[in-house]
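In this note's numbering, the protein residues as written are 210 to 398.
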């Protein structure tokens, strides 16, 4: 018996969300703990391995009312799934590329999460093989329905992972997420 799979109707072109993030230069775990918990530097130095300074975490809270997310607010939308995810970097015009210039090549590996309504879900990740100086193509993690996350009043996008080396200057980059929007069968887009 032959069965054919008919994908759910799509609501048109993908929804694309682009977010700018920054990894501060040498924003290590020590400094984060010190500012967050008021722990003295000496106490932190005694307890944390120096390699932990190569861990990075950037996040931003995003309102679901952004114009680029308008397509998911329609009542006939049944699912929103990640189509692709990437990090991009462009050199700053006033800083020539040279020794000490932070590029995405400084990243070792990482993960991308969405958080909303007290829930956190891994949506994409990358390994050293996917890292290039100007872009990182992330690998999707499952085919989750992200509709509840993206329809929350606000949601948080997090990118975290490890660096290959300490950064001499802040690394500014963009996270570009592309989503496929599915609508109820028989509903018009």
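Don't be surprised by glycine CBs; every beta carbon is placed ideally from N, CA and C.
Cβ neighbours of residue i in the same chain (closer than 8 Å, five flanking residues each side left out)
i	result
residue 356	281, 286, 287, 288 and 289
residue 374	263 and 315
residue 371	263, 264, 265, 316, 317, 318 and 319
residue 298	312, 313, 342, 343, 344, 380, 381, 382 and 383
Close beta carbons around residue i, own chain, < 6 Å, minus the five adjacent residues each side
i	result
residue 233	379
residue 325	358, 361 and 364
residue 393	285 and 287
residue 306	300
residue 367	268 and 322
Residue i in three-state terms, based on DSSP
i	result
residue 314	helix
residue 360	helix
residue 250	Any reading at residue 250 needs caution, since the residue's pLDDT is 49, under 50, leaving its predicted position unreliable; the model's value is listed next. If DSSP states are grouped into helix, strand and coil, residue 250 belongs with the helices.
residue 272	strand
residue 343	coil
residue 393	coil
residue 306	coil
residue 328	strand
residue 377	coil
residue 333	strand
residue 295	strand
residue 278	helix
residue 353	coil
Beta-carbon contacts of residue i that lie in its chain and below 7 Å, excluding the five residues immediately before and after
i	result
residue 291	332, 333, 349, 355, 386 and 388
residue 223	292, 387, 388 and 389
Cβ-Cβ separation, residue j to residue i (assumed contact under 8 Å), whole Å
i	j	result
residue 319	residue 274	Not confirmed; about 28 Å, so no contact.
residue 225	residue 267	Not a contact, Cβ separation roughly 19 Å.
residue 230	residue 384	6 Å
residue 382	residue 323	Not really, about 18 Å apart at Cβ, beyond 8 Å.
residue 364	residue 271	6 Å
residue 347	residue 279	Not really, about 25 Å apart at Cβ, beyond 8 Å.
residue 330	residue 353	6 Å
Cβ-heavy atom distance, residue i to the ligand SAM, below 8 Å
i	result
residue 364	Of the ligands one can find in the structure shown there are none, so the ligand SAM has no counterpart to examine.
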